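Some notes on the structure that comes next.
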Amino acid sequence: MKERGLTPDAFTYTSLVCGYCKQGKVENAANLLEEMLEKGIIPDEPIAFSSFVWANMKSKQLDFNLIKTLL
Numbered sequence: 001m002k003e004r005g006l007t008p009d010a011f012t013y014t015s016l017v018c019g020y021c022k023q024g025k026v027e028n029a030a031n032l033l034e035e036m037l038e039k040g041i042i043p044d045e046p047i048a049f050s051s052f053v054w055a056n057m058k059s060k061q062l063d064f065n066l067i068k069t070l071l
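Heads up: the sequence shown begins at 1 in the UniProt record's numbering, then just goes up one per residue.
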C-alpha cells in the first residue's frame, strides 16, 4: 500500500489490527496500534479495543501499557 503512495486510514489500520487479533498475532496487532497512535490516527476504538483485549486474553499476554494508552 505504502509502495503505491497510498496512506492507510483508521479503517485500514483497524481492519488489519482485527485480522492480526483473529489470527492470534497479538504482537503484530500491538505494533500496528502503536504505529497508528504515533501517526496520530485514532483507531475505531470499540472494534480495535475489544479485538485487542480479546486476543490478549486468549493468548494470556495482556499488554496493560498499550491497553491504558488506548483508553
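Ideal placement from N, C-alpha and C gives every residue a C-beta, glycine not left out.
Source: prediction; values computed, not measured.
Original post:
For E35, which residues from the same chain have a beta carbon less than 6 Å from its beta carbon, with the 5 sequence-adjacent residues on both sides left out?
Top reply: Residue mapping note: residue 35 aligns to position 35 of the sequence shown, counting from 1. Excluding positions up to five away in sequence, the list is empty.
**OP:** Tell me whether F11 counts as near the ligand NAP, meaning its Cβ is closer than 8 Å to at least one heavy atom of that ligand.
**Re:** The ligand NAP is not part of this structure, which contains no ligands at all.
Original post:
Under the rule that 16 or more other beta-carbon atoms within 10 Å means buried, what is F11, buried or exposed?
Top reply: By 1-based counting over the sequence shown, the position of residue 11 is 11. That one is exposed.
Subject >> First and last residue of the uninterrupted alpha helix (DSSP H) at G19 >> reply: Locating residue 19 in the sequence shown gives position 19, where the first residue counts as 1. Where G19 is concerned, the enclosing alpha helix (DSSP H) stretches over A10 to K22.
Original post:
Are there 16 or more other CB atoms within 10 angstroms of the CB of T7, so buried, or fewer, so exposed?
Top reply: In the sequence shown, residue 7 corresponds to position 7, counting from 1. With fewer than 16 Cβ atoms within 10 Å of its Cβ, T7 is classed as exposed.
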